[in-house]
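Rendered as structure tokens:
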């Protein structure tokens, strides 16, 4: 996403900066901020399973909350702005792990098993993909 063309500060970022600064004062080492990922619709699995049972292909992007990615990109931009104002902050980004051909996948292309459930939590299959990311973070922590 391009940075906003306006010079007016974003009110959400402006409200979040003091909160983050207060956290930064009491946190000894690192603050991890989870970057935004596209959201799936509520009860998206019903539509997905119906298409699987009917053996009909389904455009999975139609199951995203906002398939124009406007809100998603704005949230990512805001998180980027917050991280720039925080010395102890690190951004954790799931997008590279679940993106192929420029599309965020919440279902495995080959097996058709979901990475995310209806409650928008990662399934055990999705957590399997996140394990190396968190293992790498934990391995780098030096107490």
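Numbering (our numbering), first residue to last: 1 to 143. Backbone N, C-alpha and C fix where the C-beta goes; we use that ideal spot for every residue, glycine too.
For residue i, which residues in the same chain have their Cβ closer than 8 Å to its Cβ, ignoring the five residues on either side in sequence?
i	result
residue 37	72, 94, 95, 98 and 104
residue 112	52
residue 117	45 and 123
residue 43	118
residue 23	31
Flag this pair as yes or no: are the beta carbons of residue i and residue j separated by less than 8 Å?
i	j	result
residue 85	residue 20	yes
residue 129	residue 123	no
residue 135	residue 39	no
residue 142	residue 81	no
residue 58	residue 65	no
Enumerate in chain order the residues of its own chain whose CB-to-CB distance from residue i is below 6 Å, with the five nearest sequence positions on each side excluded.
i	result
residue 89	31, 33 and 83
Which partner residues does residue i have in the DSSP bridge list?
i	result
residue 99	104
residue 34	92
residue 40	64
By how many angstroms is the C-alpha of residue j removed from the C-alpha of residue i?
i	j	result
residue 140	residue 50	44 Å
residue 106	residue 63	10 Å
residue 8	residue 78	13 Å
residue 14	residue 91	18 Å
residue 41	residue 60	11 Å
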